[in-house]
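S.K.: Under the numbering used here, the letters of the sequence shown match residues 3 to 228, in that order. We put the beta carbon where it would ideally sit given N, CA and C, even for glycine.
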Amino acid sequence: MIHIDILTVIPDLLASPFNHSIIGRAKAKGVAEVAVHNIRDYALDRHRRVDDYPFGGEAGMVMLVEPVYRLITELKRHRAYDEIIYTSPDGERLNQKEANRLSTLKNIIILCGHYKGVDHRIREHLITRELSIGDYVLTGGELAAAVICDAVVRLLPGAMGDESSALTDSFQDNLLAPPVYTRPAEFNGWKVPEILLQGNAAAIEAWKFEQSLERTKRLRPDLTDE
Ligand code: ADE
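(1) Are there 16 or more other CB atoms within 10 angstroms of the CB of aspartate 53, so buried, or fewer, so exposed?
(2) DSSP three-state label for threonine 184, please.
(3) Give me the DSSP bridge partner(s) of lysine 193.
(4) Where in the stretch 96-163 do unbroken runs of the beta strand (DSSP E), each at least 3 residues long, occur, reported from the N-terminal end onward?
(5) Under the criterion of a Cβ to heavy atom distance below 7 Å, does isoleucine 112 qualify as lining ligand 1?
(6) Below 6 Å CB to CB, which residues in the same chain sit around alanine 153 once its five sequence neighbours on both sides are set aside?
(7) Which one of Phe57, Met3, Arg81 has the shortest CA to CA distance from valine 120?
(8) Let me know if arginine 220 comes out buried or exposed under the rule of 16 or more other beta-carbons within 10 Å of its beta-carbon.
(9) Starting from the Cα of aspartate 175, find the closest Cα among Ala146, Ile4, Thr218 and give me that residue.
(10) Since aspartate 89 and glycine 115 should fall inside the 8 Å C-beta cutoff, what is the C-beta to C-beta distance between them, to a whole number of angstroms?
(11) Rounded to the nearest angstrom, what separates phenylalanine 189 and valine 149 at their Cα positions?
(12) With distances taken Cα to Cα, identify the nearest neighbour of alanine 37 among Leu140, Gln213, Leu73, Asn202.
(13) Measure the Cβ-Cβ separation of histidine 5 and lysine 108 and say whether it is below 8 Å.
(14) Would the beta-carbon of proline 91 be found less than 7 Å away from any heavy atom of ligand 1?
(15) With a threshold of 7 Å, establish whether the CB of valine 154 neighbours any heavy atom of ligand 1.
(16) Which value, in whole angstroms, describes the spacing of the CA atoms of leucine 157 and threonine 170?
(17) Give the DSSP-derived three-state secondary structure of isoleucine 86 in the structure shown.
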């Protein structure tokens with residue numbers, strides 16, 4: 003069982019991804035627990051202010067240190083956290099290896115970045131890991147947090163219908179997955195590769211491996227260079 007606390011200023015944005023699909027099922031099965039917290043509830047003033055102008059006079063707003071500090075302090079009273087993640091385009095790039103590692107942890111906080119960013123003291127003193135989901139800038143870290151949770155939770159035993167399928171994902175062994183087909187065996191004159199129809203398990207495995215290698219070399223040569 004993994005427990006993930008998400009800290010955000012827009013909790014509504016996360017309702018749908020966390021109540022459906024893999025994460026919804028994992029929650030229902032007791033494999034994962036995801037709690038979304040509104041940073042605004044920990045604001046100091048009655049206007050529930052969570053941001054302010056940056057010192058030094060740049061454009062954009064900066065997330066205040068106090069509400070985030072108060073929320074994280076409250077959460078830490080109940081749990082020992084293995085990782086406190088901040089989602090940001092300047093974080094380390096999320097990959098399958100990191101998703102695998104996170105899936106072995108028990109308690110995780112994910113702080114969703116917003117505005118121009120968070121007061122840097124949060125990153126210096128509270129955050130243990132910064133993750134980016136790619137070299138592009140999102141409006142906020144919520145979608146990145148949803149991506150991280152999905153990639154992690156689906157790896158947990160019992161989260162998926164077919165237990166073995168996470169193991170055969172692309173990237174699990176630095177190879178892209180082979181192509182897959184289903185019925186009909188021929189549509190519109192487009193045929194499924196003959197070998198998949200012949201029932202020779204060893205030959206099929208060999209074919210899949212060949213396809214994986216070929217696709218990886220052609221589409222993602224960087225994966226085999228590592
Ligand atoms: N917040 C904004 N852009 C992001 C990105 N690419 N990855 C993670 N968090 C983000």
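M.R.: Put simply:
(1) Residue burial is scored here from C-beta neighbours: aspartate 53 has at least 16 other C-beta atoms within 10 angstroms and is therefore classed as buried.
(2) Correct three-state label for threonine 184: coil.
(3) Residue pairing by DSSP puts lysine 193 in a beta bridge opposite Glu188.
(4) 109-114, 131-134
(5) No, since every heavy atom of ligand 1 falls outside the 7 Å radius drawn around the Cβ of isoleucine 112.
(6) Ala101
(7) Phe57
(8) A residue is called buried once 16 or more other Cβ atoms fall within 10 Å of its Cβ, and arginine 220, having fewer, is exposed.
(9) Thr218
(10) Before going further, note that residue 89 is threonine rather than aspartate in the sequence given. Confirmed, Cβ separation roughly 5 Å.
(11) 35 Å
(12) Leu73
(13) Taking 8 Å as the Cβ cut-off, histidine 5 and lysine 108 qualify as a contacting pair.
(14) yes
(15) no
(16) 11 Å
(17) strand
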